[in-house]
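The listed protein sequences correspond, in order, to chains R and V.
For the first sequence, position 9 (counting from the first letter as 1) is numbered 9 according to our numbering, and the numbering increases by one without interruption.
With positions in the second sequence counted from 1, the corresponding number in our numbering is that position plus 379.
Every residue gets a Cβ at the ideal spot worked out from N, C-alpha and C, and that includes glycine.
Remember, predicted model here, so these are calculated numbers, not experimental data.
All remarks here apply to the structure that follows.
There are 2 protein chains.
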Amino acid sequence: MAKNTVGVIGGGQLARMMIPPAIELGVDIRVLEEAPGMSAEIAATGVGDYRDLETVLAFAETVDVVTFDHEHVPPAILRELVSRGIPVHPGPDALLYAQDKLQMRAKLSELGLPVPAWAAVETADELGAFLADHGGRAVVKTARGGYDGKGVRVVSDAAGADDWFLALAEDGRGGALLVEELVSFRRELAQLVARRPSGETAVWPVVETIQRDGVCAEVIAPAPQSEGRIADVAADIARTVATELGVTGVLAVEMFETTDGRVLINELAMRPHNSGHWSIEGAVTSQFEQHLRAVLDLPLGSTEVRNDWSVMVNILGGPAEGTLQDRYPAALAAHPAAKVHGYGKEPRPGRKVGHVTVCSDDLGDAVFSARSAAAFFEG
Amino acid sequence: MAKNTVGVIGGGQLARMMIPPAIELGVDIRVLEEAPGMSAEIAATGVGDYRDLETVLAFAETVDVVTFDHEHVPPAILRELVSRGIPVHPGPDALLYAQDKLQMRAKLSELGLPVPAWAAVETADELGAFLADHGGRAVVKTARGGYDGKGVRVVSDAAGADDWFLALAEDGRGGALLVEELVSFRRELAQLVARRPSGETAVWPVVETIQRDGVCAEVIAPAPQSEGRIADVAADIARTVATELGVTGVLAVEMFETTDGRVLINELAMRPHNSGHWSIEGAVTSQFEQHLRAVLDLPLGSTEVRNDWSVMVNILGGPAEGTLQDRYPAALAAHPAAKVHGYGKEPRPGRKVGHVTVCSDDLGDAVFSARSAAAFFEG
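What follows is the structure in structure tokens.
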């Protein structure tokens, strides 16, 4: 019998969006959610703490392969699953590079891949030295635990990360912070790639991502004027990262396109990613379907686009009062071609509660419609 | 608070295929399945007999609106729900015409819509008289309970339906059989329309359906060479039926295109329908999403096609041994653009266990790829 049961650790919207393609493809999907009533509730077969070995083991034993809604499961737990013969995709050796930004920077540098100038700093003096060498301003990041702009800070002063140094010392973790040059970039890009355990890879077109306050706000697929060199460079980088790090499933490589025309790797995410939500309607195979195929080691699907352009706009925060659904009558009436996605989450300032995608052969139409439709859900 | 919980009575593949768009749109979907482990299991919140008032009531009280996977819920139960203020879409007054083919024929004739010559016959003599008037051959149908070619028979002899007359008499139902002229048709068409309680309708392009042994085998969307008159006539008929019968949700009108160029109504189905599965990938709004929008009285979505052609091929029966999933590696490798759908049902001769859709701007490519991919799952 073919392996057909995928277990997802984490009950957020990424797990939720894996469920529709699982149902369509006939894959049995089960979710270990952190608490009752999360986004992926409909497929939840377990509730509990992903940092608890017994909880994760009990869940993992009911599925053919384990994958993730997020990258926060402790490596020791993942290694225990692997040692018991339970397939984990991406595996702990790869996932390490998405869990620890210092490890990631070191590995990518070792592979000769393009990254911003960086250093591991353990003291304000070391941070000061880096600042002195890089124009007096830099980005400091905690190695672990950051996301959506958290754990990232621009500093222009050697004392600018003292609180983080103190916190690292106080909680006994010790270790260093990552400091990086402040890249002068034209725009941010993201390149998604899927890779099967057997080695096959598939890339979607590189996309442009627009962030607000460190959070992804919009995605344009493909990135305008990216045909040719930029698209090729981005795809090559993502394929190299996936292959050299042994990533299985979907990998998102966030990148800077610099003002002097280089492409530098910013972050890695080893799971379906906000920059790929457009692919649900915009590509023949969505990132969520592809992730399921990849972790089951099934042949990957076509990543061709279905329209010239797809534009995805996040619904951040949601309505100040009431629910997303209260806004459906007006939004859907005004935008019959917009695809509205709700994550089943309570509105809260800044929270990703849904998104809207519009596919069109006219970029202006797609941008206008997606933004207009999303605007119905805010304020 | 906006109504947002849809309850589906019946746990088959039509209920199953409503789940992905419910999850995407953020609609809470719940299913009353007939037995544990059916196709729509993942959304099942109740198990029981849809002919039992208490079972249906207990389920209906947990949702905002009731709809259906099939048309077999007894009208008395539906009327009881309505009398208790529970919205039911389609409602019992409309559903009657999908439940009883004699009522349907009488109503469509009364509306002046094009139907084959027909009669209600209660005896072999009456059947004989109809045969004598219509070239000696005719189609006899049971008024209730038929589907997928069951309850339909071609007869050329007045005694050809004696067993059915006997069965009607014996089980005390009494009543008549439907007899219809044997239509000389060029091909079969199906026209889908969605209608909201507030009256808005939306039609997809008319499609060609290819039946084998009375079961839908393939669908080509749009029907080749249907632009213009045929498309307009089919859409007008479906809109008229939906409006005049007060249908809410998706309505499928199966039609004959006769050898002399007329369009005649064959059957009605008041739910998403096999002839609309192509729309999951082939239209901006699928029949399943549209059905949810319609029964919640939300504005309907665009029904534009996403490629020039979509071809859907049913997987009938499935593999002689093993599961559908055993065939995925070969099928998906050979057809990376084919969208394979598995219904989570055990393979069994003749059973609809899945389907494959290919969208393309080249009809030959779509037909070839869809048939080739589906063939991997049979034999």
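When you compare each of the options to residue i by their alpha carbons, which one comes out closest?
{"i": "V:Arg-618", "options": "V:Trp-497, V:Val-572, V:Ile-659, V:Ala-555", "result": "V:Val-572"}
{"i": "V:Ala-555", "options": "V:Gly-514, V:Glu-505, V:Val-585, V:Lys-529", "result": "V:Glu-505"}
{"i": "R:Gly-350", "options": "R:Thr-357, R:Asp-326, R:Asn-314, R:Glu-54", "result": "R:Asn-314"}
{"i": "V:Arg-332", "options": "V:Glu-420, V:Leu-436, V:Glu-413, V:Ala-477", "result": "Outside the displayed span of chain V (380 to 758) sits residue 332 of chain V, for which this structure offers no information."}
{"i": "R:Ser-372", "options": "R:Ala-331, R:Ser-226, R:Asp-362", "result": "R:Ala-331"}
{"i": "V:Ala-511", "options": "V:Glu-450, V:Trp-543, V:Val-558", "result": "V:Val-558"}
{"i": "V:Glu-560", "options": "V:Ala-538, V:Gly-425, V:Gly-515", "result": "V:Gly-515"}
{"i": "V:Thr-502", "options": "V:Arg-484, V:Asp-541, V:Gly-491", "result": "V:Asp-541"}
{"i": "R:Thr-357", "options": "R:His-277, R:Lys-3, R:Asp-100", "result": "R:His-277"}
{"i": "V:Asp-740", "options": "V:Lys-724, V:Ser-748, V:Tyr-429, V:Asp-687", "result": "V:Asp-687"}
{"i": "V:Val-562", "options": "V:Phe-447, V:Arg-591, V:Ala-496, V:Gly-607", "result": "V:Ala-496"}
{"i": "V:Val-426", "options": "V:Val-461, V:Leu-460, V:Gly-389", "result": "V:Gly-389"}
{"i": "V:Glu-459", "options": "V:Glu-440, V:Glu-450, V:His-449", "result": "V:Glu-440"}
{"i": "V:Phe-564", "options": "V:Leu-630, V:Val-385, V:Ile-589, V:Trp-583", "result": "V:Ile-589"}
{"i": "R:Thr-45", "options": "R:Ser-198, R:Val-6, R:Pro-21", "result": "R:Val-6"}
State the Cα-Cα distance for the pair residue i and residue j, rounded to the nearest angstrom.
{"i": "V:Glu-549", "j": "V:Ala-522", "result": "16 Å"}
{"i": "R:Asp-260", "j": "V:His-652", "result": "55 Å"}
{"i": "R:Gln-191", "j": "R:Ala-221", "result": "10 Å"}
{"i": "R:Glu-257", "j": "R:Glu-208", "result": "10 Å"}
{"i": "V:Gly-405", "j": "R:Leu-316", "result": "15 Å"}
{"i": "R:Asp-64", "j": "R:Leu-296", "result": "8 Å"}
{"i": "R:Tyr-97", "j": "V:Ile-465", "result": "53 Å"}
{"i": "R:Glu-41", "j": "V:Pro-493", "result": "48 Å"}
{"i": "V:Leu-411", "j": "V:Phe-438", "result": "7 Å"}
{"i": "R:Glu-381", "j": "R:Gln-103", "result": "The displayed coordinates of chain R run from 1 to 379. Any statement about residue 381 of chain R would go beyond what the structure contains."}
{"i": "V:Val-534", "j": "V:Asp-479", "result": "21 Å"}
{"i": "V:Pro-471", "j": "V:Met-649", "result": "11 Å"}
{"i": "V:Asp-744", "j": "V:Val-585", "result": "20 Å"}
{"i": "R:Val-140", "j": "R:Asn-4", "result": "42 Å"}
{"i": "V:Val-452", "j": "V:Ala-473", "result": "13 Å"}
{"i": "V:Phe-747", "j": "V:Pro-415", "result": "37 Å"}
Would you say residue i faces chain V, with C-beta separation under 8 Å as the test?
{"i": "R:Gly-435", "result": "No answer is possible for residue 435 of chain R: the residues shown for chain R start at 1 and end at 379."}
{"i": "R:Ile-23", "result": "yes"}
{"i": "R:Ser-198", "result": "no"}
{"i": "R:Ile-9", "result": "no"}
{"i": "R:Leu-167", "result": "According to the sequence as given, residue 167 of chain R is Ala; it is not Leu. Not one chain V Cβ lies under 8 Å of R:Ala-167."}
Determine, using beta carbons only, whether residue i comes closer than 8 Å to chain R.
{"i": "V:Thr-580", "result": "no"}
{"i": "V:Met-417", "result": "no"}
{"i": "V:Ser-563", "result": "no"}
{"i": "V:Asp-705", "result": "yes"}
{"i": "V:Arg-685", "result": "yes"}
{"i": "V:Leu-711", "result": "yes"}
{"i": "V:Asn-653", "result": "no"}
{"i": "V:Ala-614", "result": "no"}
{"i": "V:Pro-708", "result": "yes"}
{"i": "V:Leu-432", "result": "no"}
{"i": "V:Asn-693", "result": "no"}
{"i": "V:Thr-384", "result": "no"}
{"i": "V:Arg-395", "result": "yes"}
{"i": "V:Thr-619", "result": "no"}
{"i": "V:Pro-678", "result": "yes"}
{"i": "V:Thr-424", "result": "no"}
{"i": "V:Ala-716", "result": "yes"}
{"i": "V:Ala-381", "result": "yes"}
{"i": "V:Ile-456", "result": "no"}
Cβ-heavy atom distance between residue i and the ligand FMN below 7 Å?
{"i": "V:Glu-412", "result": "With respect to the ligand FMN, the structure shown offers nothing to examine, as it has no ligands at all."}
Report the CB separation of residue i from residue j in whole angstroms; it is logged as a contact under 8 Å.
{"i": "R:Val-8", "j": "R:Ile-29", "result": "7 Å"}
{"i": "V:His-513", "j": "V:Gly-628", "result": "So it is not a contact: roughly 35 Å between Cβ atoms."}
{"i": "V:Gly-721", "j": "V:Leu-703", "result": "5 Å"}
{"i": "V:Tyr-707", "j": "R:Ala-202", "result": "Between R:Ala-202 and V:Tyr-707 the Cβ distance is about 16 Å, and since that is not below 8 Å, they are no contact."}
{"i": "V:Leu-487", "j": "V:Ile-609", "result": "Their Cβ separation, rounded to whole angstroms, is 19 Å, which puts V:Leu-487 and V:Ile-609 out of contact at 8 Å."}
{"i": "R:Leu-268", "j": "R:Ala-223", "result": "Their Cβ separation, rounded to whole angstroms, is 18 Å, which puts R:Leu-268 and R:Ala-223 out of contact at 8 Å."}
{"i": "R:Gly-151", "j": "R:Gly-145", "result": "6 Å"}
{"i": "R:Ala-426", "j": "R:Gly-128", "result": "There is no way to answer for residue 426 of chain R, as the model of chain R reaches only from 1 to 379."}
Would you say the region 285–293 of chain R touches the region 15–22 of chain R, given that touching needs at least three Cβ pairs under 8 Å?
Taking a cut-off of 8 Å on C-beta distances, the region 285–293 of chain R touches the region 15–22 of chain R, as three or more cross pairs fall below it.
Taking contact to mean at least 3 C-beta pairs separated by less than 8 Å, is the region 670–679 of chain V in contact with the region 585–597 of chain V?
The region 670–679 of chain V makes no contact with the region 585–597 of chain V; the number of CB pairs closer than 8 Å stays below 3.
contact_flag[the region 619–637 of chain V, the region 706–721 of chain V] where n(CB pairs < 8 Å) is 3 or more
They do not touch, by the three-pair rule.
Give a yes or no on contact between the region 317–329 of chain R and the region 654–661 of chain V, applying the rule of three or more CB pairs nearer than 8 Å.
Cβ pair count under 8 Å is below three, so no.
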